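Okay, so here's the structure we're looking at.
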């Protein structure tokens with residue numbers, strides 16, 4: 357798939373995340389493809405990270421369960437990484 361094309365799994369994760377967060381415009385999903393697997397890397401606004409992880413990780417686990425079901429059907433493993441960005445204006 358070329359960079360301009362949409363990926364259904366990336367779109368799915370992005371739509372789920374947008375439905376959960378207060379700042380949907382900040383949702384970004386990038387995909388890293390490998391031969392037998394793909395890694396979906398989800399970024400949201402720092403204030404929304406708890407919403408996509410959920411209590412005791414339940415929301416994140418649910419999204420990973422959906423990806424697991426798709427992985428079985430498509431014979432291609434999908435994994436989800438939720439990235440916590442540190443604001444660039446933070447002090448060290």
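Numbering (the working numbering), first residue to last: 357 to 448.
Note that the Cβ used here is the ideal one computed from N, Cα and C, for glycine as well.
Remember, it's a predicted structure, so these values are computed and weren't measured experimentally.
- Secondary structure note for residue 437: its beta strand (DSSP E) is the uninterrupted segment 433 to 439.
- Around the beta carbon of residue 365, 16 or more other beta carbons lie within 10 angstroms, which makes this residue buried.
- Here residue 397 has 386, 437 and 439 as same chain residues with Cβ atoms under 6 Å from its own Cβ, once five neighbours each way along the sequence are excluded.
- The beta carbons of residue 384 and residue 399 sit about 4 Å from each other, so the pair counts as a contact at 8 Å.
- The Cβ atoms of residue 435 and residue 408 do not sit closer than 7 Å to each other.
- Rounded to the nearest angstrom, the gap between the Cα atoms of residue 378 and residue 429 is 32 Å.
- When the Cα atoms are used, residue 368 and residue 380 turn out to be separated by approximately 14 Å.
- Contact annotation: residue 401 and residue 382 have beta-carbon atoms nearer than 7 Å.
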